[in-house]
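Data block below; observations after.
In the numbering used here, the protein residues as written are 1213 to 1364.
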């Protein structure tokens, strides 16, 4: 598919990360599917994995009263939009949003994710999970090395 708004041909990736940037949920689909529709699937997958989530920060692509109400009714969770500040020109860091963008940058360093080589979306999701597990392992190992250096 083709998304005329983002000018993306092929597939889009939606991820849910925790506050540290660790990938919790991945959803890959055709680019012609509306982001609000994909958000329902991503959030449903999140709550199959973690029922204790109370607040989700999203960007403007997931704006919409219907989605916000659906999340609240289905999961008793608050969906908070992180919007650009009006009147500011140029680039500026948005609160909470940079965590997701940083994770996409980390994932982009994986050669397998630089292009969409997979035929099926589930295979593409698996590659994202594999790359994110390597990132998580690196974070754990780096923290242990720092702890040993500080203690010893």
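Cβ coordinates follow ideal geometry from the N, Cα and C atoms, glycine included. None of these values were measured; they are calculated from a predicted model.
- Residue 1224 is classed as buried because its beta carbon has at least 16 other beta carbons within 10 Å across all chains shown.
- With the rule of 3 Cβ pairs closer than 8 Å, the stretch 1262–1275 counts as touching the stretch 1293–1303.
- Annotation note: the stretch 1292–1334 contains no uninterrupted beta strand (DSSP E) run of length 3 or greater.
- Distance check between residue 1262 and each of 1285, 1325 and 1289 places 1289 closest, using alpha-carbon atoms only.
- Apart from sequence neighbours up to five positions away, the residues of its chain that approach residue 1226 with a beta-carbon distance below 6 Å are 1239, 1250 and 1254, ordered along the chain.
- Relative to residue 1315, the option among 1348, 1292 and 1284 whose CA is nearest is 1348.
- In this structure, DSSP gives residue 1234 a state outside helix and strand, which the three-state scheme calls coil.
- A direct Cα-Cα distance of roughly 21 Å separates residue 1353 from residue 1320.
- For residue 1283, the enclosing alpha helix (DSSP H) begins and ends at 1277–1287.
- Each of 1301, 1281, 1343 and 1237 was checked against the Cα of residue 1325, and the nearest Cα belongs to 1343.
- In the structure shown, residue 1268 falls within a strand segment according to DSSP collapsed to helix, strand and coil.
- In the three-state reduction of the DSSP assignment, residue 1243 falls in the coil class.
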